[in-house]
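Here the structure comes first, spelled out in structure tokens, and everything after it is commentary.
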Amino acid sequence: MFKKQSIVALDIGIASTRMVALETKGKSVKLSKSISFSNSEEGIVGSDELKDHLKTWLGKELAKNAEVVIGLPQFLAITQLSECPANQKSQVSNMVQFETQQMSGLTDESFYYDYRLLKEFGNTPQSVFISVARCSQADERIELIEDAPCFLKDVFLEGDALAATLIQSESNIPENEIHAILDIGAENTTLSIVVNKQMVFTSSIMFGGDYFTDEVAKAHGLNRFDAERAKESLSLMTLDGPSPLLNASKTLIQELQVTFESWQTQQNVDLEATPLRTIHLSGGSAKIKGLAAFIGQQFNCECKLLEMPFEELDGDYAVALGLALLEMKKQSKNSFKKSVSLMPTSHKTELLRRKRLPMLAVAFILFTWGIIGVLYLQFNLSNKELVKLDVRYKELQKCEGIEPSITALKQAINYNQDLLQVFATRGNRNYTVIEAVETLTKDKKKEDWFYLLADYNSYYNVEPKVEVVKVSKPKEKKSFFLIEEPEQDSTLLVRAGSLEPWNLLCASGFTPKQRSDQYRNVRALINKLEQSDIFKNVDINQKQSPIDAQTMQIWTRYRMRPFSLLLPLKREEVNGGN
């Protein structure tokens, strides 16, 4: 059964904090909680007050010992795309370390860094997405939840989180389309570009919703609080003409154009060849009336509010949801889905230690009881083994009395075996000859024919060397075994082991003469014989016997071409190797 798992993600922004909790069971994902608070409404000023409020808020909203992931604002990180060395993926880690040193420059500060391999798209080579963050800035974000009743599980880039939400919500994006997601925060805007269901670029733009608020406040003489409220009801274009929001929108367009040009330069992408398909908007200011249509008109593409994969959420939760999705995908072994993590090594070690400590306690208890169980089983097994050894000892004593009879029986068996092996060998040879004749007849061409099949010695008229021995009958011994004794005292035998086994046959025949490719029938025959169950390594016989030479001289007059084959046998005879 799949274990239910809860994933909690925190998007700690400048103006507000949002939390999303997902529950996963197998491949099923369910939204279990989404909640937020505004810094201005809670009267929070500064990081210390935010830290104290988070401690209370998380203690109320989270279960005991909950694990959370947080996002690192994109403007606190440096990202870079580098070309992956061809066929040298094992050296990527060293290359990333070198690139990190280059990006950090001559500063004495230390940096956290991670990377992800990107799939190739279009004509671009495989690249490595590298992310670097100053340790001091990353640690400041982590310290915000240091006193909260929860444990930090990981730290991801907010740009990476936005891309994860877009990929989840737009699961049917074609591979050759370029999509962008624009999250407009209070002071900064994060842009992420997605191609082939992967983030290929992310950047932070020094423009936020406060720019719209300032324009409204300046135009209507309002304070920031009233201007923030008025912004929600205004549109870029009114009946009286352009609103104050239009000037801020133009600034946003200029920043976006610079950012898109930067990506095209890094990735060598031509937007005219592969145009930008859709810009998805998220964040509070994304809901300004007419903003989506204005951005789409400027970039000649579709622009719309991000459609969230859960109906209960709106675009304000895009970063928080993406952080939770990244934690889910972190379990995948596919390197293209690997999340870029900027969590300090010390926190990773602490998380691992906390996870394994209960397991160590359980393992110690199980190990102790296991040792006790093994000792108990060993004691019982030892007692049973002693009983078995006593029975075996008595059996051995009994066997000592029948040993002489067994020796006499063995001599009789050897005597009869020497008599029978020759007959077995001869019978086997008859079967070999029959099978060889059937195989040669079946595989030859209709116009070919054989006139001779012989073993090697017979073919060359070589007298086989055999060993003749005198075998004496076994001496009579008293035994309870009944042994049939030979009638004579001794006999002369041909020892089967001295007979040379059949491992090669010779065959001779004729094939019609051809004007070209004279031995094509023979080659075809050899190929078929190689695939048979009886022959192996079939070859032309270069050394012919005298009888072959005489026969071949006669039949060559009739436009027949002689040939002779060596036919090694796959199977050994009964006495082979004795």
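In numbering that gives the first Met the number 0, the protein residues as written are 0 to 577.
Heads up, the beta-carbon is just placed ideally off N, CA and C, and yes, glycines get one too.
Which stretch, first to last residue, makes up the alpha helix (DSSP H) that contains residue i?
i	result
E529	R519 to E529
A319	A317 to K328
F640	One cannot answer for residue 640 here, as it falls past the ends of the chain, which runs 0 to 577.
D159	E157 to S168
R514	R514 -> no alpha helix (DSSP H), and no H or E assigned at all.
R140	C134 to E142
K29	No alpha helix (DSSP H) holds K29; the beta strand (DSSP E) holding it covers S27 to S37.
L304	First-last for L304: E301 to L304, but that is the beta strand (DSSP E), not the alpha helix (DSSP H).
Q253	P243 to Q266
Determine the extent of the beta strand (DSSP E) in which residue i is found, giving its start and end residues.
i	result
M198	Q197 to I204
L75	That residue, L75, is in no beta strand (DSSP E); it is neither H nor E in DSSP.
L341	Counting along the chain, L341 falls outside any beta strand (DSSP E), and DSSP gives it neither H nor E.
F110	F110 to L116
Q125	Element bounds for Q125: n/a, residue is neither H nor E.
S281	L275 to S281
R228	No beta strand (DSSP E) holds R228; the alpha helix (DSSP H) holding it covers R223 to K230.
V194	T188 to V194
I177	I177 to I183
What's the gap between the Cα of residue i and the Cα of residue j?
i	j	result
C83	E254	29 Å
Q513	E119	60 Å
D454	N415	28 Å
V135	E142	Before going on, a small fix: residue 135 reads as Ser here, not Val. Going by the C-alpha atoms only, they are around 10 Å apart.
S232	K217	16 Å
G220	V68	41 Å
A229	V215	8 Å
I177	G70	24 Å
N526	F562	15 Å
A147	K288	39 Å
C149	A8	11 Å
Q197	K29	23 Å
D389	A362	40 Å
L181	A291	11 Å
E41	I183	22 Å
N520	K542	20 Å
V461	I405	43 Å
R133	R140	11 Å
E145	L280	32 Å
I412	F449	43 Å
S478	C398	For S478, the pLDDT reaches just 47, beneath the cut-off of 50, and the residue's location in the model is therefore unreliable, leaving the point undetermined.
A65	M358	18 Å
D153	I364	31 Å
F128	T78	7 Å
R391	L452	58 Å
S202	N171	24 Å
T550	Q410	51 Å
L528	T510	16 Å
Y430	K444	24 Å
G283	D315	6 Å
Going by C-alpha to C-alpha distance, which of the options sits closest to residue i?
i	options	result
S457	D547, G400, M307 and S46	D547
M205	I252, M236, S170 and S234	I252
S168	P511, E310 and S531	E310
K249	L235, V436 and Y518	L235
M327	Q266, G58 and K24	K24
L156	P511, Q125, G45 and L324	L324
M559	Y459, Q297, E446 and W501	E446
M307	F128, G321, D442 and Q296	G321
Y210	A226, A407 and N195	A226
K3	T16, E22, I11 and M18	E22
L116	L181, E108, A137 and M94	M94
P72	G158, T438, G282 and E462	G158
M18	D47, L395 and S31	S31
M342	A435, Q517, A137 and Y392	A137
A435	W501, L385, K329 and L380	W501
Q266	T344, S126 and A319	S126
Q263	L380, N382 and V199	V199
P173	L275, G314, L380 and K383	L275
Is residue i close to chain B? Criterion is C-beta to C-beta, closer than 7 Å.
i	result
L221	Given the protein chain composition of this structure (a single chain), no chain B is represented.
Would the stretch 189-209 count as touching the stretch 152-165 if we require 3 or more Cβ pairs under 8 Å?
yes
Please confirm if the stretch 336-345 is in contact with the stretch 35-45, defined as three or more CB-CB distances below 8 Å between the two stretches.
no
Counting Cβ pairs closer than 8 Å, one from the stretch 554-570 and one from the stretch 533-542, do we hit at least three?
yes
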